[in-house]
Every structure is written in C-alpha cells, then in structure tokens.
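In the working numbering, the protein residues as written are 25 to 747.
All C-beta atoms in this analysis are idealised placements derived from N, C-alpha and C, irrespective of residue type, glycine included.
One structure is given here, and the rest of the page talks about it.
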Amino acid sequence: MKKIPANFIASLLFLFLGSQISNAQWTDLNPVFTWTTTNAFAVSGSSLFAGTNGLGVYRSTNDGANWTELNSGLTNTTVLSLVMNGNNFFAGTQNGVYLSTDNGIGWTHVSSGLPSYTSVHSMVFNGTSLFAGTYYNGIYRSTTNGTSWSAVDSGLPNGCAVYSFAVIGNNIFAGIFGSGVYRSTDNGASWSATALTNIYTNVLAAVGSNLFAGYGGGIYKSTDNGVTWTQPVVELNVYSFAVVGTNIFAGTEYGVLLSTDNGTNWSGQSNGLTYSSICSFAAMGTYLYAGSLNGHVYRLSLASLLIPEPPVLTYPADTATDIALNPKLTWIAPVGATSYTLQIATDAGFSTIIVNQTGIAAPYYNVTGLALNTAYYWRVKATNTAGTSSWGSTWGFTTTQNNVNATILNANTVNASIQVNTPLVNAADVILTHQLSAPTITSTNISTDHLNALTVSANVTATSISTANLWVSNNLNGNNIGASNITGADIEATNLNASTITAAQISGGDGEFSGTLTPAKLGVGMTSSPAGDAKLEVSGMSLFNGGNANLGNLTNLSFLQNSAKMLIGWNRTAGEGEADFISNRSSTTGTTGGFAFYDIDNSGSLRQIMRIVGNGDVHVDGTIGCRELVVTLGTWPDYVFKPGYQLMPLVEVEKYIKQENHLPGIPDQEKATKQGVSVGEMQAKLLQKIEELTLYMIQMKKENQDLKERLSRVEKKANAEEK
Numbered sequence: 025m026k027k028i029p030a031n032f033i034a035s036l037l038f039l040f041l042g043s044q045i046s047n048a049q050w051t052d053l054n055p056v057f058t059w060t061t062t063n064a065f066a067v068s069g070s071s072l073f074a075g076t077n078g079l080g081v082y083r084s085t086n087d088g089a090n091w092t093e094l095n096s097g098l099t100n101t102t103v104l105s106l107v108m109n110g111n112n113f114f115a116g117t118q119n120g121v122y123l124s125t126d127n128g129i130g131w132t133h134v135s136s137g138l139p140s141y142t143s144v145h146s147m148v149f150n151g152t153s154l155f156a157g158t159y160y161n162g163i164y165r166s167t168t169n170g171t172s173w174s175a176v177d178s179g180l181p182n183g184c185a186v187y188s189f190a191v192i193g194n195n196i197f198a199g200i201f202g203s204g205v206y207r208s209t210d211n212g213a214s215w216s217a218t219a220l221t222n223i224y225t226n227v228l229a230a231v232g233s234n235l236f237a238g239y240g241g242g243i244y245k246s247t248d249n250g251v252t253w254t255q256p257v258v259e260l261n262v263y264s265f266a267v268v269g270t271n272i273f274a275g276t277e278y279g280v281l282l283s284t285d286n287g288t289n290w291s292g293q294s295n296g297l298t299y300s301s302i303c304s305f306a307a308m309g310t311y312l313y314a315g316s317l318n319g320h321v322y323r324l325s326l327a328s329l330l331i332p333e334p335p336v337l338t339y340p341a342d343t344a345t346d347i348a349l350n351p352k353l354t355w356i357a358p359v360g361a362t363s364y365t366l367q368i369a370t371d372a373g374f375s376t377i378i379v380n381q382t383g384i385a386a387p388y389y390n391v392t393g394l395a396l397n398t399a400y401y402w403r404v405k406a407t408n409t410a411g412t413s414s415w416g417s418t419w420g421f422t423t424t425q426n427n428v429n430a431t432i433l434n435a436n437t438v439n440a441s442i443q444v445n446t447p448l449v450n451a452a453d454v455i456l457t458h459q460l461s462a463p464t465i466t467s468t469n470i471s472t473d474h475l476n477a478l479t480v481s482a483n484v485t486a487t488s489i490s491t492a493n494l495w496v497s498n499n500l501n502g503n504n505i506g507a508s509n510i511t512g513a514d515i516e517a518t519n520l521n522a523s524t525i526t527a528a529q530i531s532g533g534d535g536e537f538s539g540t541l542t543p544a545k546l547g548v549g550m551t552s553s554p555a556g557d558a559k560l561e562v563s564g565m566s567l568f569n570g571g572n573a574n575l576g577n578l579t580n581l582s583f584l585q586n587s588a589k590m591l592i593g594w595n596r597t598a599g600e601g602e603a604d605f606i607s608n609r610s611s612t613t614g615t616t617g618g619f620a621f622y623d624i625d626n627s628g629s630l631r632q633i634m635r636i637v638g639n640g641d642v643h644v645d646g647t648i649g650c651r652e653l654v655v656t657l658g659t660w661p662d663y664v665f666k667p668g669y670q671l672m673p674l675v676e677v678e679k680y681i682k683q684e685n686h687l688p689g690i691p692d693q694e695k696a697t698k699q700g701v702s703v704g705e706m707q708a709k710l711l712q713k714i715e716e717l718t719l720y721m722i723q724m725k726k727e728n729q730d731l732k733e734r735l736s737r738v739e740k741k742a743n744a745e746e747k
C-alpha cells in the first residue's frame, strides 16, 4: 500500500480544524485589484498600503473599505515588497527600488548600483542601512536612503534569490530560496550559513529572541540565532508571517495559523477565507489584514482573539513632581483592549493601595482626593474577552507642595500692575467685582483646573493682557474690554461678552471661543473702535477657519471697481481684478468639499452645473467642448512585455468570461453605466488587453509552427515507410 505523505494529512486536518478552533471571522474586502496577487503590505499611521503584482500600489484610509491607486512615477507596477522608515516609503519592484517621501503620492526610481531590471523581493532596515534582497542577484545595501546601492554578498551562494529578512539585535538574517537561512553580524559586510540549509525559505519573522522560518514543508524555529533549529510543527507551505505582540500568524497554502505560545502549538484561524493561499499580512489598529494569491484582501478583528499587551503609561511622567491633586492619568491603548484596571499606591511594592479601579473604558482616569506633597505609584493592565494582560511598568509622581488661597480684588482697583506667577488652585480664585484699570495684567498659568470663574461687572482696560494659558470656564463679562495686545498660548472661553472689544492684536496658539462671542463692536488690528455703522473692522489679513463669511444685502457696490482684488458676480468696468478660491478639503481622498457653480432661473429653480472637488476632479452637468484633450497617466501597460509578466491561462480567461460576462480587469456593465469610466484608465486597460492578446497570438503562432514541423516530420516518415 502506498504511504500517504504527512504533509497531505496535515493539510486535510488543517482544512477541517480551520473553521472549528476559533470564532474569529475574516471579512472579504474584495478590493479593486482582484485577480492580482497582493505581494506586500505597509502601514503608516491610519493608512494601509498594498503592493500588487502588475497594478502598483494602493492605499486605504478607512480600514480597507476603499482603495486609491498611487502610481505616479511608479513606472514598474509589479510591486514585490514594501518598507517604511519615518517619512521614507520604499517599494521593491521587478525593476529595482522606488522611493516616496509624501506617503505614496509620488515615486522616484532610486536604483543606482542595482543590476538593471532586477526584482527586489524583500527589504529591511537595520539602523540607517537599507537592505534589498533580489531575485538571483544576491543582497544589496544602501546607506543613502536608496539613492545608491552596493553589493554585500560575501559568504552568500552565487546568484542567490533572497525572499525575506529578519533582524534580532545586531543579527541580520536572510531567507534564501533553496539555501536555507544565512546570518550577518557586521551589518551585511559578511554572511555565514546557519544550521538550517538546503530548504526553499519563503519568509522569516522575529518574535523577541525567537526566529521563525517558513518554507514549503512547514515552520522551523530557532532560539539561539540560528545555531540550532526545531523540527517543523506543521507540514504546510508557509508564505508569510505577521507578528502582533508576542503572537505570530502564519499564512499558508490552506489558510492562516496562529500561535500564542512562541510556535509550540498552532491553531487554524480561517473562518471566512474563500481563497486560502495567504501570501502577505499587515497589522494596523485592532485589525489584521491578509492578502491572498488572487488579490482578495481579508480583515480580521483582533479585539476578541488575542490577549492585549500591557499598556504603556504616558502622563504624569515617571518621577514627575508638582502634580495637581486631581490629575488625569493617561496611557496608550494596546491593540484589542476593551477595559483597564488601575492601581495607585503610596509604595512601589503596592502594599498600601489607595485606588484599585476596574472596568475603566477609556485609556485615562481622573483621580481625586490626593494629598499635598505626597509620592504616589501607579500601574495599569488591559483586558478583553480573550483575557487580561500582566501589569505594565510602575511609574511614580509627587503632588504639589502648596495650595494658594483665593485672591479676591474688590471695589475699585485702579492703576495697578497685577502679576500671578503661582498657579491658583481654589475655585473662583479671581473675582473682579467692579472696575480694573492697570498698565499690565500677566500670569504664568490661569486654567480651568485653577480658575472657575472670572467675572468683571464693569470695565477692563490695560496696555496688554497676556497669559501662558488663559482658560475661562464660565463667563468673562464687561462693558468694555480694551488693550493693545490680548495674547495667550491657549485662549478659550465659554462666553465672552462685552459692548466693545478693541485690541491691536488678539492672538492664541490653539485659541478658541467655545461658547458665545457677542460684542457690539469688534476691532482687530485697530487702535480704536470701529468707525461708523461697522460691527467688525479688521486691519490686515483675515482668515475664516471652519465658519462662513457671508456678505448680504449690499446696496452700494461701487467699492468693487478699479482697485478691487476679488470680483464675483459683478460687471467690472475698469482696473485689474483677481479671484482666488482656496478650499480646505475635509477628507484625505479629496472627494468632498471644493466649489460648486449653480444656475437659477426666474422661477427660482436651482441646478448645479459644475463642481470642482478637493482632489481636482471636475463634474459638469453638460457638454465640454475643447480642441484637444490630453490625459496624464501615472502608468502605462508596457509592463505586459517585461520578463516575468504572468498571463492568465486562456482556460481561466474563458472560465472568468462565462462567470462574469466581461474581461478580467475591465469594469462590468453595471459599474460602467452607474459610475462611468475614466477615459485615461480605460485607454490603458484596453491597451493592456491588446498587448496581452498580442502575446497570446505569439504563443499560438509558436504552437502552430511547432505543430506544422511535427506534422511535416510525421508525413516524411510515413512517405519513407510506404517506399
């Protein structure tokens, strides 16, 4: 009886258990690059990037729900690897390396020193050195952000294909297809083979001091920098790894595996995967993303799957002093955490605990009732449905040493300089009941923690009013508020009321009036109140941020003539005019905001005839006439003729057409009729199909020629036998 291979049994077992072990469910995001392999991911803040096989780079800013193509300057769109380093974003392609410094919007080819048309399958940073693993050209290193490269292949097999890297301390590991794993301890100057040799290494991953190697027969693990390796626990073809804290995910030919115990045991996590060959991963926020060989992208929530990491404390800083008696303790929320437990003690060993608060929903807690001039220690742990983390680091702080009593200024305080250098603690610290007139009013810090109400019932005048922070939680009232300068790093008031507010300068770093600003007259940049009937007079440039500027019911428009710089809806008769429109779009994609143009008839019927949105798109309800139309594209499908381009087998094309009723990569009828098509993009897609058709014809020509030659040989042989 023929023996059944162990990896076949393991594959069947995994297929069965993959949907049984976990309740976690993958969501198929099915982006626009379906049927094209998702080779790599990268994460920058809340942006997720995908590198595809032939369609370039795409970005999503809404957790994978929508994707935007980012191929400007990317002349080779077969993207095999992606890596981030600060503001520098690198893409390894079939033709070297490209660099973007604007989050993928524009790309520059940075491959000086690399062999021409070399495929860069993997990249990694070690300090300021960037390493590129190539397809059968070894390893190259750049210390100039990719502008120049040099070969670093001493000790490597000749012409090796480097599919992956991993870094542990000062050790750089290279996974070589067919030759196992190599290590460098001198930043790539020399390499030596580890004990794992003669395997087709697909991917490497480092989890703390543990090194994992995935290949066609499973997963090897080393805990001593490659000196020794354990035998594979699973026997599946492993394409990719993702490390989330101390947890490691493995993408295989039959779905996803998860180990929460450093690779000793693995469980299937494949619920919802319709295409199970997973070749790339990315963890961002509370989600794990997986890219399949056919282009589908899947998303898995980590919230209930993994025990969260211990929180990282942020405020107050460790050993901080002069902390208020009611501080707001804050920490960084780890992935998947749903609640927190906080402990505060008067000793570092937490034998005397004064606060033991559980079930905290947000990554902060407002503490009350602390004592003056006292040292405290605090720590936090995180919880979700999978379990509770260990305690994070213990930090300490000391509360403030003194408590300044309320300062009450009554009656008529005239011609006095008032300076408050110590933060006020009690509520209603400053109450001005009558008139205050002083050359200067300054303070180091007046904030909501220290000042509950500042009430002025009559007049406030001064040469200058300035504070490091001026926050008023209730009302600032007065008949007249006047000063040459009113300044503050932060100016905030719930209500600011006065008959007249006049100042040469009103400024604040992040200032805002969160309530009501209701003066009868407001002069900005003026030395006196506004003249005439004007309610607002501004000397200098005006910026309207987040509000509306409305000019209505104007009867005298003669001021628009001659010297005007902005003329809208007016028949200009003389002079020069210019209108500049600047829109601050509200989304990163730029599909909202902008400017709209309307037509209204005598009956009051309103119709939008043109709209320019934030990303420059123009929508017109009518016909556009022009002498010539030039469309600028970020890419052109000449990559079809480059070596290594994978044509879809004709039998698969036929199957796709029968199922979808349109060519692969071409919009279907419903999408085209509802959403329209891009002229430039469609021209490029049609050219791609023409070039692919040309390749199919060349293949058929070769096959026909081969058949003719074989037929000729058969006929000659038959004729010879007849004779």
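Through-space distance from residue j to residue i, alpha-carbon basis
i	j	result
G275	L671	25 Å
E333	P358	6 Å
P705	I690	Per the sequence shown, residue 705 should be read as Glu rather than Pro. Answer to the nearest angstrom: the Cα atoms are 10 Å apart.
S188	S146	5 Å
G193	E716	47 Å
S143	G120	6 Å
F149	F155	6 Å
A48	Q293	7 Å
R403	T376	13 Å
P256	I384	42 Å
T288	Q729	56 Å
I636	A708	25 Å
R734	K741	11 Å
C303	Y160	20 Å
Y239	L53	27 Å
E746	E739	11 Å
V677	I633	42 Å
T132	L79	17 Å
D645	A190	55 Å
I331	N222	37 Å
Q118	D662	13 Å
V268	K713	41 Å
T92	T76	13 Å
Beta-carbon proximity of residue i to residue j, cut-off 8 Å
i	j	result
L329	A410	yes
A198	L220	no
G179	S216	yes
G296	Y322	yes
T355	L326	It is Trp, not Thr, that sits at residue 355 in the sequence shown. Going by C-beta atoms, W355 is not nearer than 8 Å to L326.
S64	L123	In the sequence under discussion, the amino acid at residue 64 is Ala, which differs from the Ser named in the question. Not in contact: A64 and L123 (Cβ atoms no closer than 8 Å).
L324	W50	yes
V262	V227	yes
G242	D342	no
G170	I163	no
A406	Y364	yes
F73	G128	yes
A369	Y401	yes
T167	I200	no
T101	N95	yes
T656	L98	no
L247	N234	Position check: residue 247 holds Thr in this sequence, whereas Leu was assumed. Yes; because the gap between Cβ atoms is below 8 Å, this pair is in contact.
N249	N211	no
L674	Y622	no
Residue-level contact to chain C via CB, residue i, 8 Å cutoff
i	result
S146	Reference to chain C is not applicable here, since this structure consists of a single protein chain.
Per DSSP, cross-strand counterpart(s) of residue i
i	result
V227	G238
G9	Residue 9 is absent from the structure shown; the chain starts at 25 and stops at 747.
N408	G411
Would you call the region 351-360 and the region 386-405 in contact, with 3 or more CB pairs under 8 Å? They touch, by the three-pair rule.
For the pair the region 696-703 and the region 84-95, tell me if three or more CB-CB distances fall below 8 Å. Not touching, per the Cβ criterion.
Let me know the alpha helix (DSSP H) ranges lying completely inside the region 655-708, each 4 residues or longer, listed in chain order. Listed in chain order, they are 674-684 and 693-699.
As an exercise, report each continuous beta strand (DSSP E) stretch of at least 3 residues that is fully enclosed by the region 247-332, in chain order. Residue ranges of uninterrupted beta strand (DSSP E) with 3 or more members, entirely inside the region 247-332 and ordered along the chain, are 262-268, 271-276, 279-283, 302-308, 311-316 and 321-325.
Give the list of continuous beta strand (DSSP E) stretches no shorter than 3 residues that lie fully inside the region 90-165. Listed in chain order, they are 103-109, 112-117, 120-124, 144-150 and 153-158.
Enumerate, from N- to C-terminal direction, the unbroken alpha helix (DSSP H) stretches of 4 or more residues contained entirely within the region 621-656. Fully contained in the region 621-656 is no alpha helix (DSSP H) run of length 4 or more.
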